[in-house]
Structure formats: structure tokens, C-alpha cells
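Asker:
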Amino acid sequence: MVDEDEFEENSVKYQYPAELKERARFELEELKRKVASREFPFNSEVIKLLQIQSSLAKVTIKEGITL
Numbered sequence: 001m002v003d004e005d006e007f008e009e010n011s012v013k014y015q016y017p018a019e020l021k022e023r024a025r026f027e028l029e030e031l032k033r034k035v036a037s038r039e040f041p042f043n044s045e046v047i048k049l050l051q052i053q054s055s056l057a058k059v060t061i062k063e064g065i066t067l
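Counting from 1, one number per residue, gives the positions in the sequence shown under full-length UniProt numbering.
1. Using 8 Å for Cβ pairs, my map puts residue 24 next to residue 7. What's the rounded Cβ distance?
2. What residue range is occupied by the uninterrupted alpha helix (DSSP H) comprising residue 3?
3. In three-state terms, what does DSSP make of residue 37?
4. Once DSSP output is grouped into helix, strand and coil, what is the label at residue 26?
Written as C-alpha cells, this is what we have:
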């Protein structure tokens, strides 16, 4: 949630279910905790994707290949 006030307004406007609001708040707190403890805040699939992109970038630079 970038803007908690906007989330609250939209939750009323669009009638978000209580479970959705609770889950969003829980996930926000979990994200804040991970950032504070300097943990990577995303799941392992994102990490794998970043590693693949990094490997491709190294090959591209080393081989002089333009993608």
C-alpha cells in the first residue's frame, strides 16, 4: 500500500471484504519487517528471475551481443 489513506478510502468505495483488508495490512507489516531486517522482500521466483537476468547481462556484455 503506497498510501494507506487511499487504501482505506477505496476499501469503503469498492467494499473490500474484511479478509482482504486484513491480509493487505498483514502483508504490509511483513514487508516492513523484512525491509527493516534487510531481508529480500520477494519470493524465490523473483530472486531466480533476477539471477537469470544478471547472468544474461554478463554474457551480453562479455560477448558484445546486443539483445
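Don't be surprised by glycine CBs; every beta carbon is placed ideally from N, CA and C.
Answerer: In this structure, then:
1. Mapped onto the sequence shown, residue 24 falls at position 24. Mapped onto the sequence shown, residue 7 falls at position 7. 7 Å between Cβ atoms; contact.
2. By 1-based counting over the sequence shown, the position of residue 3 is 3. Secondary structure note for residue 3: it is in no alpha helix (DSSP H), with a DSSP letter that is neither H nor E.
3. Your numbering for residue 37 matches position 37 in the sequence shown. Three-state result, residue 37: coil.
4. Indexing the sequence shown from 1 puts residue 26 at position 26. Correct three-state label for residue 26: helix.
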